[in-house]
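Reviewing the structure listed below.
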Amino acid sequence: MTLPTHPGLDALLSDPSGAVIGLDYDGTIAPIVADPAAARVHPEAPEVLAGLAKLVGAVVIVTGRPPGTALALGTAEGGASLADVPGLVILGHYGRERWEAGRITAPPPTPGLDRVRTRLPELVRSLGLDGVLIEDKGQAVAVHTRRSPDPEAALTALSAPVAGLAAEAGLVVEPGRLVLELRPAGMDKGRALSRFLAERRARSVMFVGDDLGDLAAFEAVVAAPVPGVRVCSRSPEVSELAERADIVVDGPSGVVELLREIAEEIRRRLGES
0 MTLPTHPGLD ALLSDPSGAV IGLDYDGTIA PIVADPAAAR VHPEAPEVLA
50 GLAKLVGAVV IVTGRPPGTA LALGTAEGGA SLADVPGLVI LGHYGRERWE
100 AGRITAPPPT PGLDRVRTRL PELVRSLGLD GVLIEDKGQA VAVHTRRSPD
150 PEAALTALSA PVAGLAAEAG LVVEPGRLVL ELRPAGMDKG RALSRFLAER
200 RARSVMFVGD DLGDLAAFEA VVAAPVPGVR VCSRSPEVSE LAERADIVVD
250 GPSGVVELLR EIAEEIRRRL GES
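Read in order, the letters of the sequence shown are residues 0 to 272 in numbering that gives the first Met the number 0.
And the structure:
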């Protein structure tokens, strides 16, 4: 592909050592699949990210998943792993948990999650919904409808009751691609990204996402005091992100190709082979 012209992208290419590359996980560097536990990273992503990480200031994955889960799913079939990406940081649970240099740091789980773990299965049964999957993420609980006979209808049926349960438990609901996630308030991908940019004294930023939860990160890119570029991994299920993106690519394969082209252009400008 030919790299598009954009001021934020040009700033990144001109001064790569000051650039932060932020990425979502699901739908961005891993395909969306029916079973979240099977969302293995794109086979070329670890190698491409490893090469890019050697050229830029930092690569950070900002995801709703626990960092340990992203790492467990982050080994490609050929053996390359996200854990091998130099200096990689994973901000999981929207920034509540952090993995860096082989160590995870996290606050204690919110007490309201125990209430959700008890009540959510009862709620799903009371609605008579088939194919609904509940995923316990430790610091959050998600309910997926992708396996339901009518995923959109199931999501609609769940929306109000899940919102009510979240309110009772002192949590918030994060909607996504055929998923509702109940999690603690006070942190989102935008706040997590903004704090990381300040920590690393970034001089430019790129964020790549695919879902509604990534809108906050897009807003953080716009609000950042440095040049930025927003990239959408296109999905037929979510159009809002593409409408706000500076660059749109086709799914994880398109993301990997874009990152590869960025690394190659940086090497060219640096005079590397």
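Note that CB positions come from ideal geometry on N, CA and C, so glycine has one too.
To the nearest angstrom, how far is the alpha carbon of residue i from that of residue j?
{"i": "ARG268", "j": "PRO65", "result": "37 angstroms"}
{"i": "ALA139", "j": "SER238", "result": "25 angstroms"}
{"i": "ARG266", "j": "ALA223", "result": "26 angstroms"}
{"i": "MET277", "j": "ARG229", "result": "This structure leaves residue 277 out entirely; the chain is present only between 0 and 272."}
{"i": "VAL178", "j": "SER125", "result": "18 angstroms"}
{"i": "ALA156", "j": "ARG176", "result": "15 angstroms"}
{"i": "ILE20", "j": "GLU46", "result": "15 angstroms"}
{"i": "VAL221", "j": "SER193", "result": "10 angstroms"}
{"i": "LEU22", "j": "GLY56", "result": "14 angstroms"}
{"i": "GLU43", "j": "ILE246", "result": "21 angstroms"}
{"i": "ALA216", "j": "GLY78", "result": "30 angstroms"}
{"i": "VAL225", "j": "ALA219", "result": "11 angstroms"}
{"i": "PRO174", "j": "LEU154", "result": "10 angstroms"}
{"i": "LEU258", "j": "THR1", "result": "12 angstroms"}
{"i": "MET205", "j": "GLU271", "result": "23 angstroms"}
Specify, as a first and last residue, the run of the beta strand (DSSP E) that residue i falls within.
{"i": "GLY208", "result": "203 to 208"}
{"i": "VAL178", "result": "178 to 182"}
{"i": "LEU90", "result": "88 to 91"}
{"i": "LEU22", "result": "18 to 22"}
{"i": "GLU151", "result": "First-last for GLU151: 150 to 168, but that is the alpha helix (DSSP H), not the beta strand (DSSP E)."}
{"i": "GLU134", "result": "132 to 135"}
{"i": "GLU96", "result": "96 to 99"}
In terms of residues, what are the limits of the alpha helix (DSSP H) holding residue i?
{"i": "PRO251", "result": "250 to 269"}
{"i": "ARG229", "result": "Segment 227 to 232 is the beta strand (DSSP E) holding ARG229; no alpha helix (DSSP H) there."}
{"i": "GLU218", "result": "214 to 222"}
{"i": "GLU242", "result": "239 to 243"}
{"i": "ARG118", "result": "111 to 125"}
{"i": "ALA44", "result": "44 to 52"}
{"i": "GLU236", "result": "Unbroken run through GLU236: none, as it is neither H nor E."}
Candidates the options: which alpha carbon is nearest residue i's?
{"i": "VAL207", "options": "PRO107, GLU121, VAL58, TRP98", "result": "VAL58"}
{"i": "ARG199", "options": "THR1, GLY7, SER16, ARG95", "result": "SER16"}
{"i": "HIS5", "options": "GLU271, GLY227, ASP249", "result": "GLY227"}
{"i": "ARG116", "options": "SER13, GLU134, PHE195", "result": "GLU134"}
{"i": "SER203", "options": "LEU122, THR1, GLY7, GLU271", "result": "GLY7"}
{"i": "THR62", "options": "PRO42, ALA33, ALA29", "result": "ALA29"}
{"i": "GLU96", "options": "ASP25, LYS53, LEU12, LEU70", "result": "LEU70"}
{"i": "LEU119", "options": "GLY101, ASP149, GLU76, GLY163", "result": "GLY163"}
Is residue j closer than 8 angstroms to residue i when the C-beta atoms are compared?
{"i": "GLY130", "j": "ARG146", "result": "yes"}
{"i": "SER232", "j": "GLY212", "result": "no"}
{"i": "GLY94", "j": "LYS188", "result": "yes"}
{"i": "PRO251", "j": "HIS143", "result": "no"}
{"i": "ALA159", "j": "LEU181", "result": "no"}
{"i": "ILE60", "j": "ILE89", "result": "yes"}
{"i": "LEU54", "j": "ALA262", "result": "yes"}
{"i": "VAL84", "j": "ALA49", "result": "yes"}
{"i": "ALA37", "j": "LEU87", "result": "no"}
{"i": "THR68", "j": "ASP209", "result": "no"}
{"i": "GLU236", "j": "LEU12", "result": "no"}
{"i": "VAL123", "j": "LEU72", "result": "no"}
Check whether the segment 97 to 116 and the segment 159 to 175 are in contact - that is, three or more C-beta pairs closer than 8 angstroms.
The count of Cβ pairs closer than 8 angstroms, one atom from the segment 97 to 116 and one from the segment 159 to 175, reaches three, so the stretches are in contact.
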